[in-house]
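What follows is one structure encoded as structure tokens, with my remarks underneath.
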Amino acid sequence: MSENVTVPVHVTIIMDGNGRWARQRGGERLMGHRNGVKSVRESCEFAVEKGIKYLSLYAFSEENWSRPKEEVEGLMALMVKSVLEERETFRKNNIRFRVIGHRERLSPELLEKIDEAQAETAGNTGLTLIVMLSYSGKWDLVNAASRYAADACEAVRRGETPPQLDEALFSSYLCTAGIPDPDLLIRTSGEQRISNYMLWQCAYTEFYFTDVLWPDFRKSDFADALDAFSKRDRRYGKIK
Ligand code: IPE
Ligand code: IPE
Ligand code: MG
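Per my numbering, the sequence shown starts with residue 97, numbered consecutively.
Below, the structure written as structure tokens:
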């Protein structure tokens, strides 16, 4: 990685290609998911080393619930195991762990492990690691809109004027409230789409696509993405 890179505040990764990685080796899809855990660990370490403040990882989409039962159950069991095993890494590296998504769809067992890890790391001040689990961009937007509508109705019921909806207020209803929008989005496996990910939050995010399959993603691949990011000219609609 070159010396003068601009370090993004928030990097988000669509971790894709586990199934193809396993198929190339004649294995079950779950073997790919299991091997993706090492890439998660390396990415976290790299983010800590580089002083990235937020690393969010798209681990499971709302649409992924439609995969075969066996794969979904295997993935959820892997989540429980990983959350348990990584607690020591979070502690050692001052990582704050958060999970964002449609909690109601997760099992009580998984929710318990998540809540414990979140509570245990809540005071950590280094990297914030966010796992997007049972998340989708459209779900987040609809959820935010309904929550605002409920609050507005409640205000009217009390005889008050509901707060004027603007971008800042709307953002506060998204489940990423308080987290800066991603500066850089990395997607592995060669697909060039965002698959219903952070639709609102990625309004001005820089996209980086790589053919590397997620289980093969290493620190050097992350460094390549940061190099590419530092060459981007972010104009936000203005003229420089
Ligand atoms: C990404 O890998 C992990 C999840 C979506 C849970 P895939 O399972 O989508 O792997 P491919 O895209 O089929 O290779
Ligand atoms: C996106 O990958 C979701 C995650 C990586 C969690 P998918 O494999 O589900 O996306 P599509 O189906 O190729 O768009
Ligand atoms: Mg995929």
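Glycine is no exception: its CB is placed at the ideal position from the N, C-alpha and C atoms. Note that this is a predicted model, so its numbers are computed, not measured.
For Leu-281, the nearest candidate out of Leu-151, Arg-137, Asp-247 (CA to CA): In the sequence shown, residue 281 corresponds to position 185, counting from 1. When Leu-151, Arg-137, Asp-247 are compared, the shortest CA-CA separation from Leu-281 is found for Leu-151.
The segment 274–293 contacting the segment 304–311, beta-carbon criterion three pairs below 8 Å: By the Cβ criterion, the segment 274–293 is in contact with the segment 304–311, since at least three pairs of Cβ atoms, one from each stretch, lie closer than 8 Å.
Paired residues, beta bridge with Met-228 - DSSP: Here residue 228 is taken as the residue at index 132 of the sequence shown, counted from 1. According to DSSP, Met-228 bridges with Tyr-154, Ile-196.
For Glu-124, the three-state DSSP class (helix, strand or coil): In the sequence shown, the residue the question calls residue 124 occupies position 28. Per DSSP, reduced to three states, the secondary structure at Glu-124 is coil, with no helix or strand assignment.
Proximal residues to Gly-91 (C-beta, below 7 Å), its chain only, five neighbours per side dropped: Outside the shown range of the chain, which is 97 to 336, sits residue 91, and nothing can be said about it.
beta-carbon Asp-307 near ligand 3 non-hydrogen atom, thresh 7 Å: Indexing the sequence shown from 1 puts residue 307 at position 211. Distances from the CB of Asp-307 to the heavy atoms of ligand 3 are all 7 Å or more.
Cβ neighbours of Arg-137 in the same chain (closer than 8 Å, five flanking residues each side left out): One-based indexing of the sequence shown puts residue 137 at position 41. Within its own chain, the residues whose Cβ lies closer than 8 Å to the Cβ of Arg-137, once the five positions on either side in sequence are excluded, are Glu-182, Thr-185, listed in chain order.
Which of helix, strand or coil DSSP assigns to Leu-281: Here residue 281 corresponds to residue number 185 of the sequence shown, with the count starting at 1. Under the three-state reduction of DSSP, Leu-281 is assigned to strand.
Cβ-Cβ distance between Glu-158 and Ser-267 below 8 Å: The sequence position of residue 158 within the sequence shown is 62, counting from 1. The sequence position of residue 267 within the sequence shown is 171, counting from 1. No, Cβ-Cβ distance for Glu-158 and Ser-267 is not below 8 Å.
Cβ neighbour criterion (16 or more within 10 Å) applied to Val-252: Residue 252 sits at position 156 when you count from the first residue of the sequence shown. With fewer than 16 other Cβ atoms within 10 Å, it is exposed.
For Thr-108, the first and last residue of its enclosing beta strand (DSSP E): Stepping through the sequence shown from its first residue, residue 108 is reached at position 12. Following the DSSP letters along the chain, one finds Thr-108 inside the beta strand (DSSP E) bounded by residues 106–110.
Host beta strand (DSSP E) of Phe-303 (start-end): On the sequence shown, position 207 is the one that residue 303 refers to. Boundaries of the beta strand (DSSP E) harbouring Phe-303: 302–305, taken from the DSSP string.
Residue burial classification, Asp-262 (beta-carbon count within 10 angstroms, cutoff 16): Indexing the sequence shown from 1 puts residue 262 at position 166. Exposed, because fewer than 16 other Cβ atoms sit within 10 Å of the Cβ of Asp-262.
Cα-Cα separation between Ala-241 and Arg-121, rounded to whole angstroms: Within the sequence shown, the letter at position 145 stands for residue 241. Within the sequence shown, the letter at position 25 stands for residue 121. In a straight line, the C-alpha of Ala-241 is about 44 Å away from that of Arg-121.
Arg-289: CB within 7 Å of a non-hydrogen atom of ligand 1: Counting from one through the sequence shown, the residue named residue 289 turns up at place 193. Of the heavy atoms belonging to ligand 1, none sits nearer than 7 Å to the Cβ of Arg-289.
Terminal residues of the alpha helix (DSSP H) in which Phe-170 lies: The sequence position of residue 170 within the sequence shown is 74, counting from 1. Checking the sequence shown, residue 170 turns out to be Gly, not Phe. Its alpha helix (DSSP H) spans residues 165–188.
Separation of Ile-226 from Gly-197, as counted between CA atoms: Residue numbering aside, residue 197 sits at position 101 when the sequence shown is read from its first letter. Residue numbering aside, residue 226 sits at position 130 when the sequence shown is read from its first letter. Using only the alpha carbons, I get a separation of about 10 Å.
Option nearest Ile-148 by Cα separation, candidates Ile-109, Gly-222, Asp-211, Lys-165: Locating residue 148 in the sequence shown gives position 52, where the first residue counts as 1. With distances taken between Cα atoms, Ile-148 lies closest to Gly-222.
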